[in-house]
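Residue numbers (the working numbering): 6 to 365. This report concerns only the one structure given below.
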Amino acid sequence: MSLINKYDSLKEKYHYLEDQLFNPEIASDIEKFKKINKEYKDLKEILIVFDDYKNTLENIESSKLMLKDEDEDMREMAKMELEELQKKEKDLENKLKFMLIPADPDDDKNVIFEIRAGTGGDEASIFAGDLYRMYTKYFELQGWKVETLYVNEGSVGGFNKLVLEVVGENVYGKLKYESGAHRVQRVPKTESQGRVHTSAATVAVIPKYEEKDIKIKKEDLRTDTFRASGAGGQHVNKTESGVRFTHIPTGIVSESTDSRSQLKNREIALQRLYLKIKEAQREKEQRERTEQRKSLVGSGDRSDKIRTYNYPQNRVTDHRIGLTLYSLNKIVDGDLDEIIESLRMADNMEKLKEIDEIGR
């Protein structure tokens, strides 16, 4: 389908959504109204760019006609104008292709956000604490709300493990690229010789699904409750608050002891189970493709090294896209926009290649 043909179908959908917003039945259903209103606003943005694109195409045709003018000055002016318009046409065409990439339906979801100290002993716990402060500042800049579900502090500062719930607009859409192993290179506070050490912490970002989104048959699910062992963070579990789910058809297991509340642990464990099942399905689909692209959205596998924070050189490197920035001081203060936007653009480029290959 050409872009112009696409415009006609989108315009038709836009008017349909506009009518739906004035439908009393839709207006009385808050969730449905919010969903349609968002789709309507997103579509409006695309159509504004489309109108500019159509206008540019019309101006190109006018300039081509002017090239046939008898006046040499008019022809020269038309030639210059045509060059500018053709560049604008290409830019708008590329912009539209990106805007028309199907959105990830999970992007609007809130998340369960976990940070865990990895290799490196006490320094790894301290680094986990640094990541927590970095992300907290980023969450504040985004206007998101944060609830702490579980805290296990390190012996000399920082955290061994921390679980948060992050609520707001487009939370998963912005945080989904953060899952994986984060590595730090610096001189630890405990190092007397001034040597640079490498430590690690891991981040897992789990989209928070609503009950209606999780389509798992009850008979396919085995539920076990148990008492959490160990220190349990800042408390000791004296009741069976831990919850473990087993998905019988696939054998996938998920559990949570992150909260004192069994109800909250059920919710977290179910989110993790659903994500694992979705990941297994996605991996199967990718294996079946002839040309499989490597998604930048990690599986949450803690062995996936995604980023290095080098303090001596004030450098941050994202290994997935080869991005290096010499602004670590700003990044650890929550200025993650450039990294996240670069990852989003790289991911969209891969998606665009895949769409073009299918369209050939």
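Every residue, glycine too, gets a C-beta built ideally from N, C-alpha and C. These figures come from a predicted structure and were not determined experimentally.
Continuous alpha helix (DSSP H) stretch holding residue i: start and end
{"i": "residue 80", "result": "77 to 104"}
{"i": "residue 45", "result": "35 to 71"}
{"i": "residue 10", "result": "8 to 26"}
{"i": "residue 204", "result": "That residue, residue 204, is in no alpha helix (DSSP H); its beta strand (DSSP E) goes 202 to 212."}
{"i": "residue 176", "result": "176 to 180"}
{"i": "residue 336", "result": "333 to 336"}
{"i": "residue 31", "result": "29 to 32"}
Bounding residues of the beta strand (DSSP E) (the contiguous stretch that carries residue i)
{"i": "residue 185", "result": "185 to 191"}
{"i": "residue 226", "result": "226 to 231"}
{"i": "residue 117", "result": "116 to 122"}
Contact set for residue i: own chain, Cβ-Cβ below 7 Å, skip 5 residues either direction
{"i": "residue 129", "result": "122, 123, 204, 205, 206"}
{"i": "residue 347", "result": "326, 328"}
{"i": "residue 148", "result": "173"}
{"i": "residue 117", "result": "168, 170, 211, 213, 273, 276"}
{"i": "residue 225", "result": "252, 253, 254"}
{"i": "residue 345", "result": "179, 182"}
Whole-number beta carbon distance between residue j and residue i, since they are thought to touch under 8 Å
{"i": "residue 209", "j": "residue 249", "result": "With 8 Å as the limit, residue 209 and residue 249 do not qualify as a contact, their Cβ atoms being about 18 Å apart."}
{"i": "residue 277", "j": "residue 211", "result": "6 Å"}
{"i": "residue 3", "j": "residue 54", "result": "Absent from the structure is residue 3, since the part of the chain shown begins at 6 and ends at 365."}
{"i": "residue 22", "j": "residue 45", "result": "4 Å"}
{"i": "residue 161", "j": "residue 144", "result": "25 Å between Cβ atoms; not a contact."}
{"i": "residue 198", "j": "residue 316", "result": "At roughly 16 Å, the Cβ-Cβ gap does not stay under 8 Å, so residue 198 and residue 316 are not in contact."}
Bridge partners - residue i, DSSP secondary structure assignment
{"i": "residue 326", "result": "DSSP output for residue 326 lists no bridge partner at all."}
{"i": "residue 275", "result": "In DSSP, residue 275 forms no bridge with anything."}
{"i": "residue 250", "result": "228, 259"}
{"i": "residue 315", "result": "190, 320"}
{"i": "residue 160", "result": "162"}
{"i": "residue 269", "result": "According to DSSP, residue 269 bridges with nothing at all."}
{"i": "residue 310", "result": "186"}
Coarse secondary structure for residue i, derived from DSSP in three states
{"i": "residue 245", "result": "coil"}
{"i": "residue 133", "result": "helix"}
{"i": "residue 167", "result": "strand"}
{"i": "residue 262", "result": "coil"}
{"i": "residue 154", "result": "strand"}
{"i": "residue 140", "result": "helix"}
{"i": "residue 353", "result": "helix"}
{"i": "residue 358", "result": "helix"}
{"i": "residue 222", "result": "coil"}
{"i": "residue 296", "result": "Summary for residue 296: the model assigns pLDDT 41, below 50, so the residue's position carries little reliability; its value from the coordinates is reported in the next sentence. Three-state DSSP puts residue 296 in coil, outside helix and strand."}
Cut-off 6 Å between Cβ atoms - residues of its own chain near residue i, not counting five sequence neighbours on either side
{"i": "residue 330", "result": "321"}
{"i": "residue 87", "result": "68"}
{"i": "residue 231", "result": "245, 247"}
{"i": "residue 133", "result": "120, 122, 163, 164, 206"}
Same chain, Cβ closer than 8 Å to residue i, five either side skipped, listed in chain order
{"i": "residue 126", "result": "204"}
{"i": "residue 136", "result": "120, 187, 206, 208"}
{"i": "residue 334", "result": "319"}
{"i": "residue 357", "result": "102, 103, 106"}
{"i": "residue 43", "result": "113"}
{"i": "residue 48", "result": "15, 18, 19, 22"}
Short CB-CB distance (under 8 Å) between residue i and chain D
{"i": "residue 275", "result": "In summary, chain D is missing from the structure at hand, where a single protein chain is found."}
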